[in-house]
Amino acid sequence: MTQPLTTPDIIPGTGTGTGTGTGTGTGTAVARGAGDGLPGTAVRLAAEDVPDGLAAGAAPSIAHGPAAEPTGVIARFEEWARRTPQAPAVIDGEHSWTYRDLDTAAALVATALRDRVRPGDLVGVCLDRSAALVVTAVALARVGAVYLPLGPRPGERRTEAVTEDLDVVCLIGDPGVLPARHRAGEPTPLPLPTEGSNAPAAPVAAFTDTDPGHGGRRAPEGALYAVLTSGSTGRPKAVAVAEPALSVALDWYRAETGLAPGDRQSLLIGVAFDPHLLELWAGLTSGAALVPAPDDVRWDSRVLTDWWRDAGVTVSVAATPTVEPLLDRPWPQDLKLRHLVVGGDRMRRRPGRDVTATVHNAYGPAEATVVATTYAMRGGDAEAGDAAPPPIGTPLPGVTVVVTGDDGRPVDRGQEGELRIGGHCLALGYLDPELTARRFAAPPQDAPLPGVDRLYRTGDRVRMTSDGSLEFLGRLDDQVKISGVRIEPAEVEAAFERDPAVRSAVVTVLRDESGSARLVAHVRPAAAGGPSAGDLLAAVRAWLPEQAVPSAVRLVDGYPLDANGKVDRAALAAEASAPGGPSAPAGDLAGATPAERLVLATVRDLLGRPGTTLGDNFTDAGGTSVVAARLLAAVERETGVRLRAPELLRSPDLRAFAALLDERRAPRPAGA
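With our numbering as the guide, the letters of the sequence shown map in order to residues 349 to 1020.
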């Protein structure tokens, strides 16, 4: 394996997060941080520090990462721009931008915005992974505005809801993807890069006629960025993060991966998903080059490894569902990839012995600034290749984790409980102060948590082992992870219920044998002869992110109730998964080609929708990027034909995609 590069010590005051975090006294080992990547140091509690209620001599489920101090983010980028102005900062295929190029472009964009965007203003960013996105992030940081990533193609109604609830001063993106209310005003053209695979054609800052301070919520003072998370009211909630919190995560990332000048850091994560901020600023604060990923990379794991190879990526961040298919086949041995940080969903197996990159199983909600705990895995580990899920590890520098019972106090090691997080990593809070007060609480007074004044209640069920490592066990509430994104079924239900033709909706979660989750909506129409399942799915796509769109809709007359008179969701889920559920049209495979049979059977199985037909469009039927990757892998496994994600997405229906497969399978005429 290529050894990590050493970062030149040219920037003063840049902590690396390698403090020891040791304590004094006698008693039981409590924790050690993961920031140094070693299995070493333990912190010990004095006997008088053990909280009341714990068994005598028992270790409480408390762990502290090594000591850390916040540093800078934007200042580190500016220092690299001064010291290495000609070094590549963004490489996108044939296009390349130096640190000086980015610095100059960001200054021009900041100047264009300053007359109408003030420090502390929320700015919605509707751009994809590109040099334009990178320049926008730097420019907004310089203005002091709060970067609010919405993704390159946000649903119009969802965007309208966000801009109604929050005091968003403008949206940045191509006019064609912006809501009508923002297209109607006089946009400000922005001098952003328009080259590259995901670049905008004519980027603008689109303002509305609504006066600033229209009653929507503003970001708290000191916020660097805000991201949306799922909300049970049917409208997303926003959480704000300050620069010091991000800086601590970045200091750990650079120290752990050795990211430095000469490296290439991926820009792969979807822009509406907060880990893209870790990627983006890690590259800019280390003197490395960012490499934006083409869109089809996220649909096909084989395309992903080809891209890592062709682009020379050395450090990458990726969603767990994207990476797991890579672990089911031989690892490519010609990659320059040294470190792969994986997160967003439960990892179900360890990398094998042939994996040449160090794989970091990362855990962290947006409320704890992207990543709070990690567990590093290498091909030489004794446990390499084990089918058991790996732990989510130990806390990063400056992070404290506590596993609590129902009373909010620490439980013994080995007992299950709710994970609470404190330390430098915590977000400022939600833009809703009442929600902030409920989720960010004071720590128990009798717990040994020096310097921790707030703990975020994650709602995640975990267990801390005797060595201080955390095992993830699931959610305490109804939230579910779909393709790495947290989804609240209540938000999906509310999206259906916006339709006046819908009386009510209940969303259940079904899991396949591998543990992968999908959503099924059970909709009760307001009147007979209401909308079709396809019409309902099409309507909610405007409100929901891709991962939250159910794979199936069942029209029902009513809901089963439990003994307490509540909807029996378990019974509904059983109905949806029963053999007698939605069935395939009789005779729909009569005369079908082998490829049509394979494609239709695989799609039905992956989506859990037996009623899917060859005339259905893949995405309209509920297909997502993860399902597409599994479909392509199954087709290649059964036929030996490798098709690409764009070929699936461009096909008008499944019959056309199957015809393409038949064409590729047909033997060539002799001499052809």
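Backbone N, C-alpha and C define an ideal beta-carbon position, used for all residues, glycine too.
If contacts are defined as beta-carbon pairs under 8 Å, then residue i and residue j qualify, I think. What distance do you get, rounded to the angstrom?
i     : j    : result
L803  : V750 : 6 Å
V494  : A588 : 7 Å
R565  : L779 : 4 Å
T813  : R757 : Contact doesn't hold; Cβ gap of about 19 Å is too wide.
V1028 : L461 : Residue 1028 lies beyond the range of the chain shown here (349 to 1020); nothing can be said about it.
G770  : P791 : 7 Å
Could you have a look at residue i and say whether DSSP puts it in helix, strand or coil?
i     : result
Y723  : strand
E336  : One cannot answer for residue 336 here, as it falls past the ends of the chain, which runs 349 to 1020.
T752  : strand
E764  : strand
S649  : helix
L954  : helix
P873  : strand
Q613  : strand
A1007 : helix
Y573  : strand
L675  : helix
L526  : coil
T507  : helix
F788  : strand
P930  : Residue confidence is low: P930 scores 45 on pLDDT, short of 50, so the model does not pin down where it sits. Its coordinate-derived value is still stated next. Residue state, collapsed to three classes: coil.
L1031 : A query on residue 1031 cannot be resolved here, the shown segment of the chain reaching from 349 to 1020 and no further.
A411  : strand
R566  : coil
L903  : strand
P321  : Here the chain comprises residues numbered 349 to 1020, so residue 321 is not present and cannot be evaluated.
R466  : coil
T389  : Because the pLDDT of T389 is 33, which lies under 50, any placement of that residue in the model is unreliable, and the number read from its coordinates should be weighed accordingly. Three-state DSSP puts T389 in coil, outside helix and strand.
D476  : coil
T706  : strand
R1012 : helix
T376  : Unreliable placement is indicated for T376, whose pLDDT of 30 sits below 50; the coordinate value is still reported in the next sentence. Here T376 sits in coil by DSSP.
L632  : helix
R490  : helix
D384  : With a pLDDT of only 33 at D384, under the threshold of 50, the placement of this residue in the model should not be trusted; the figure read from the coordinates follows. In this structure, D384 counts as coil in the three-state DSSP scheme.
D644  : helix
For residue i, which of the options has the nearest alpha-carbon?
i     : options                   : result
P500  : R448, D522 and C518       : D522
A775  : R694, L576, E508 and G878 : L576
V718  : A977, A918, E995 and P623 : P623
W679  : G877, V703 and A509       : V703
P781  : R529, A887, A586 and G988 : A586
E836  : L818, R992, A865 and R902 : A865
L526  : G472, R424, G492 and S578 : G472
V800  : E944, G777, R809 and C773 : C773
R1003 : I422, E569 and G939       : G939
D440  : D682, D643 and S852       : D643
A630  : E839, A485 and G777       : A485
V619  : R583, E591, A667 and T605 : A667
Are residue i and residue j close, meaning C-beta to C-beta below 9 Å?
i     : j    : result
N546  : S634 : no
P418  : S649 : no
D1010 : P942 : yes
E841  : R787 : no
R612  : G660 : yes
G712  : A720 : yes
R768  : T784 : no
R1021 : V854 : The chain is shown from 349 up to 1020; residue 1021 falls before or after that span and cannot be answered.
When every heavy atom of the ligand GDP is checked, does at least one fall within less than 8 Å of the C-beta of residue i?
i    : result
Y804 : Among the ligands in the structure shown, none appear at all, so the ligand GDP cannot be discussed.
Bridge partners for residue i per DSSP, in chain order?
i    : result
G691 : A667
A865 : R859
V471 : Y495 and C518
Y447 : The partner list for Y447 (beta bridge, DSSP) is empty, contrary to what the question assumes.
D729 : Answer is none; D729 lacks a bridge partner.
A553 : I520 and T536
T742 : T722
G700 : Partner(s): none; G700 has no beta bridge.
H772 : Partner(s): none; H772 has no beta bridge.
G777 : A588
V808 : According to the sequence displayed, residue 808 carries Asp and not Val. Per DSSP, R823.
I835 : V828
P433 : Beta-bridge pairing links P433 to no other residue.
Y711 : T721
S852 : R872
With 9 Å as the threshold, decide whether the Cβ of residue i is near any Cβ in chain D.
i    : result
P745 : Looking at the structure shown, chain D is missing, and only one protein chain is on hand.
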